[in-house]
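In terms of UniProt numbering, the sequence shown opens at residue 1 and continues consecutively.
Here the structure is laid out as structure tokens; the discussion comes afterwards.
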Amino acid sequence: MGLDTTLDTVENARFTYIYSPIINRMMKDPKTIFKDYELTCIIMVFHKFVLVNGPRAKFMTKLQLTNLMGTIFELDDMEIVSVIVDRICHHESSPYPDFLPDKHCNLESFLYLFKVYFTRDLQLKMEFAFSVYDRGDRGQLNSEEVGNFVSKYFDNLDEDEAQELRLDMKVLIMQKFDLDKDTFIQAEEYFEVVKRQPKLLEFLGQIYPSTPKMDVVAVCANIMSWFDDSPNPRIMSKTGSNDALSVKTNPVQ
């Protein structure tokens, strides 16, 4: 039996030939957060996107990754999604001369996306989130940039009331994050505040999918280590006559 029943024997063999050396190499990297079978499943997802682009294709397209962010991870701010996709596609270079980060997403970048989303490392999540907000790569945000993000808030209210609330929100954010009061939010200031209050990680807009959505993606992509969140590990089990999968939470004894 092949790795994926939707692929024929030849295509399964081709997958193994192409990607087994990569999986073996990555499993030797101490920074790898996934188990070998999880890497295989994530790479299979990438591979099936690539297959859509033709038998000689090596990469996902940037448009495919954008659609993935919206439909699978359900991020609805397309301006932020565009920056996320750009950051991901430019994260890793490629030995292939036909790779164009403005058009393509290679395997290494795709795996980096899953690492950022599935990691428990707050520092990595903070660094990525700030890089999305800091589009100019200056290591800081000014009041105007904060205002641009805040301008999307309260759009269901009367415009005058919304403008007043947006101004108040911008002032509040600057007071919270501009620790040295120099009118800029430095990356280090953001890190310091978020370490104290992790719920402020996405203070200027959603970057990471919701936990329920991550649970679904983890099950579909067979990333079972996602459910190991001790001291309250979630265990996948079968219940009911139809053997449907359910998630149980073990309480602390």
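Ideal placement from N, C-alpha and C gives every residue a C-beta, glycine not left out.
Remember, it's a predicted structure, so these values are computed and weren't measured experimentally.
Counting only runs that start and end within the segment 89 to 154, where is the beta strand (DSSP E) found for 3 or more residues in a row? Here the runs fully enclosed are 140 to 142.
As a quick exercise: from D4, D182 and Q123, pick the residue whose alpha carbon is nearest that of K195. Just measuring C-alpha positions, the residue of D4, D182 and Q123 sitting nearest K195 is Q123.
In the DSSP assignment, find the unbroken alpha helix (DSSP H) run with Q175 in it and report its ends. Segment E159 to F177, the alpha helix (DSSP H) holding Q175.
Using 8 Å as the cut-off, can you tell me whether the segment 147 to 165 makes contact with the segment 111 to 129, which would need three or more C-beta pairs spanning the two stretches below that distance? No, the segment 147 to 165 is not in contact with the segment 111 to 129.
Measuring only the C-alpha atoms, how far is I185 from A218? In a straight line, the C-alpha of I185 is about 34 Å away from that of A218.
By DSSP, does F184 sit in helix, in strand, or in coil? Looking at F184 - three-state DSSP - the assignment turns out to be strand.
So, are the CB atoms of D36 and I23 less than 9 Å apart? The Cβ atoms of D36 and I23 lie closer than 9 Å to each other.
Measure the C-alpha to C-alpha separation of F154 and D98 and round it to an integer number of angstroms. It is roughly 44 Å from the alpha-carbon of F154 to the alpha-carbon of D98.
Apart from the five residues on each side of it in sequence, which residues of its chain come closer than 8 Å, Cβ to Cβ, to D77? Cβ within range, chain order: K152, G205 and Q206.
Compute the Euclidean distance between the alpha carbons of E92 and S109, then round it to the nearest angstrom. Their backbone Cα atoms lie some 6 Å apart in a straight line.
Straight-line CA distance for R138 to E189? Using only the alpha carbons, I get a separation of about 14 Å.
Could you tell me whether the segment 139 to 151 touches the segment 169 to 178, where touching means 3 or more Cβ pairs closer than 8 Å? Flag = yes, the segment 139 to 151 and the segment 169 to 178 touch.
Find out if the Cβ-Cβ distance for the pair M60, H104 is shorter than 9 Å. The answer is yes: Cβ separation under 9 Å.
Taking the straight line between their C-alpha atoms, what separation do you get for N232 and E159? Residue confidence is low: N232 scores 42 on pLDDT, short of 50, so the model does not pin down where it sits. Its coordinate-derived value is still stated next. When the Cα atoms are used, N232 and E159 turn out to be separated by approximately 45 Å.
Measuring alpha carbon to alpha carbon, tell me which residue in T66, I72 and T71 is nearest E79. Checked all of T66, I72 and T71; the closest Cα to E79 is T66.
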